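Numbered per my numbering, the sequence shown finishes at 346, counting up by one with no gaps.
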Amino acid sequence: MKKNSKIWCLVLLAVLVFSGLSVFLPSLLHNSKKRNDEGEKIFKIGILQFAEHESLDDCREGFINGLNNLGLKNGEQVEIDYKNAQGDSANCVAIAKRFVDDKKDLIFTISTQATITAAKITKKIPILFSAVTYPVGSNLVVSNSKPETNVSGTTDLSPIDKQIDLIKKLLPSSKNIAILYSSGEPNSKYQADIAVEEAKKIGLDSRVYTFSHFSELQVLVLQMKGKVDAIYVPTDNQVASNFGVVLESAEKIGVPVFTWDEGSVRRGGTASLAMNYTELGVLTAGQAYEILVNKKNVSEMPVESLKNAKLVLNRTMVEKFKIDVSYFDGKYQLVENLARNNID
């Protein structure tokens with residue numbers, strides 16, 4: 003009988019303990035969550051970068067530094083989870099799904115492909131992009147002034163009319179230009195179509211060269227020999243990732259390459275009215291602050307861009323092609339060529 007009494011006492015004690023936990027545990031968890039939300043304010047940010055090259059890397063660093071300057075330091079106010087898809091679409095999808103499963107407060111996408119992927123996977127988490135050239139044409143936003151989706155950010159569209167005019171000013175005797183881009187990138191086609199029209203306006207004939215795989219690049223550029231006086235490359239991820247091949251092939255046929263940003267000019271491009279991708283990342287960080295801290299609605303946040311592009315010239319290429327820069331009256335930045343082993 004005593005043995006049974008002890009058993010019943012233990013059962014009763016267990017019931018009381020369980021009942022107490024069922025009452026107080028949810029309260030404790032709720033209070034813990036409340037302290038996290040209202041006290042520490044640690045926002046979870048996923049960074050999805052499609053490929054690794056200088057422009058996109060600069061964008062990412064600018065974004066992180068921009069957040070830091072706004073008081074959102076990684077490891078303190080924000081928790082940044084950076085992933086690079088290494089140019090692989092399947093990796094891109096897997097990373098985006100993981101960010102959604104992790105319930106990130108915001109996803110920062112770098113490049114058009116990364117943004118399209120994330121936007122297909124979540125319609126709820128705010129997505130901010132950078133290094134996207136044509137957000138409307140990529141069906142990411144309804145308009146740049148009012149996205150009306152969970153997506154906004156900063157565009158790297160450069161003044162294409164001025165880029166083409168730059169070729170004519172630096173190479174006055176030029177008559178034919180090549181426009182080189184990847185057929186798999188709609189942003190690049192959008193820019194190329196504009197470039198063709200702008201070239202026509204100033205008396206330049208243009209030849210469009212497209213490729214579907216980077217292995218085609220060398221042969222494609224070598225085919226331009228004797229047909230063009232310059233190569234124009236719009237913002238294009240595949241070209242950027244394989245820019246060393248373009249430069250080496252262009253060198254063999256003796257043709258200057260006009261590019262999309264300062265980094266590509268430093269690597270051996272001749273000139274560009276360049277976007278600064280670090281500054282673009284900083285600009286996007288300001289948007290992230292507005293969403294996370296000031297609770298702005300991403301669907302009403304206009305797509306932004308840098309106001310001014312600067313003229314950047316490669317000293318080695320200017321000397322090699324005997325380019326007269328006096329027209330610009332010193333209003334340019336002359337940069338040195340990077341060592342060949344830093345090009346790829």
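Just so you know, even glycine gets a beta-carbon here, dropped at the ideal spot from N, CA and C. All of these numbers come straight from a predicted model, not from anything done at the bench.
Would you call residue i buried or exposed, if buried means 16 or more other Cβ atoms sit within 10 Å of its Cβ?
i      : result
Lys227 : exposed
Gly68  : buried
Val25  : Low confidence applies to Val25: its pLDDT is 38, below 50, so where it sits in the model is not reliable enough to give any reading.
Arg317 : exposed
Val247 : buried
Tyr192 : buried
Ala270 : Position check: residue 270 holds Gly in this sequence, whereas Ala was assumed. That one is buried.
Phe330 : exposed
Ala273 : buried
Val221 : exposed
Ser266 : buried
Leu130 : buried
Leu30  : Legend: pLDDT at Leu30 = 39, less than 50; position of this residue unreliable, value from coordinates given subsequently. It is exposed - the Cβ of Leu30 has fewer than 16 other Cβ atoms within 10 Å.
Leu224 : exposed
Lys106 : buried
Gly332 : exposed
Leu18  : Only weak support is given to the placement of Leu18: the predicted model assigns it a pLDDT of 44, under 50, and the question is left unresolved by the model.
Leu282 : buried
Asp103 : exposed
Asn71  : exposed
Ser2   : The chain is shown only over 3 to 346; residue 2 falls outside these bounds and no answer can be derived.
Ser251 : buried
Pro174 : exposed
Ser328 : exposed
Ala92  : exposed
Gln115 : buried
Gln335 : exposed
Glu338 : exposed
Ser147 : exposed
Gln88  : exposed
Gly64  : buried
Ser57  : buried
Asp60  : buried
Along the chain, where does the alpha helix (DSSP H) that runs through residue i open and close?
i      : result
Lys170 : Ile162 to Leu172
Ser383 : Residue 383 lies beyond the residue range present for the chain, which begins at 3 and ends at 346; the question has no answer from this structure.
Leu224 : Leu219 to Leu224
Thr318 : Arg317 to Lys322
Asp195 : Pro188 to Lys203
Could you give the residue range of the beta strand (DSSP E) that holds residue i?
i      : result
Ala232 : Ala232 to Tyr234
Val48  : The displayed chain sequence assigns Gly, not Val, to residue 48. Note, Gly48: beta strand (DSSP E), Phe45 to Gln51.
Ile129 : Ile129 to Val134
Val337 : Gln335 to Val337
Let me check one thing: in DSSP terms, what residues is residue i bridge-paired to?
i      : result
Met303 : Met303 pairs with nothing; no bridge assigned.
Tyr183 : Thr212
Ser154 : Leu130
Leu313 : Leu275
Val259 : Ile233
Asp207 : Asn178
Got a sec: does the ligand ATP put a non-hydrogen atom nearer than 7 Å to the Cβ of residue i?
i     : result
Asp60 : The ligand ATP is absent from the structure shown, which contains no ligands of any kind.
Below 8 Å, can you find three or more Cβ-Cβ pairs linking the region 121–141 to the region 310–330?
Touching, no.
If you pair each beta-carbon of the region 149–162 with each one of the region 291–311, do three or more pairs fall below 8 Å?
Yes, since at least three Cβ pairs between the region 149–162 and the region 291–311 fall closer than 8 Å, the two stretches touch.
Stretch-stretch touch, CB-based, cutoff 8 Å, three pairs: the region 296–304 with the region 47–59
Fewer than three pairs of CB atoms, one per stretch, sit closer than 8 Å, so the region 296–304 makes no contact with the region 47–59.
Tell me, please, whether the region 257–276 touches the region 76–90 by the rule of three or more beta-carbon pairs shorter than 8 Å.
The region 257–276 is not in contact with the region 76–90.
Inside the region 55–126 only - alpha helix (DSSP H) runs reaching at least 4 residues:
Those alpha helix (DSSP H) runs which fall completely within the region 55–126 and span 4+ residues are 56–71, 91–103 and 114–123.
Should the region 274–290 be regarded as contacting the region 182–192, the criterion being three or more beta carbon pairs within less than 8 Å?
With the cut-off at 8 Å, the region 274–290 and the region 182–192 do not touch.
Length at least 3, wholly inside the region 261–311: the beta strand (DSSP E) runs in chain order
Listed in chain order, the beta strand (DSSP E) runs fully inside the region 261–311 are 273–276, counting runs of at least 3 residues.
For the structure I just gave you, are there three or more beta carbon pairs, one from the region 167–178 and one from the region 200–210, closer than 8 Å?
Pairwise C-beta distances place the region 167–178 in contact with the region 200–210, as three or more of them are shorter than 8 Å.
Report yes or no: do the region 211–218 and the region 260–268 share at least 3 C-beta pairs separated by less than 8 Å?
No, the region 211–218 does not touch the region 260–268.
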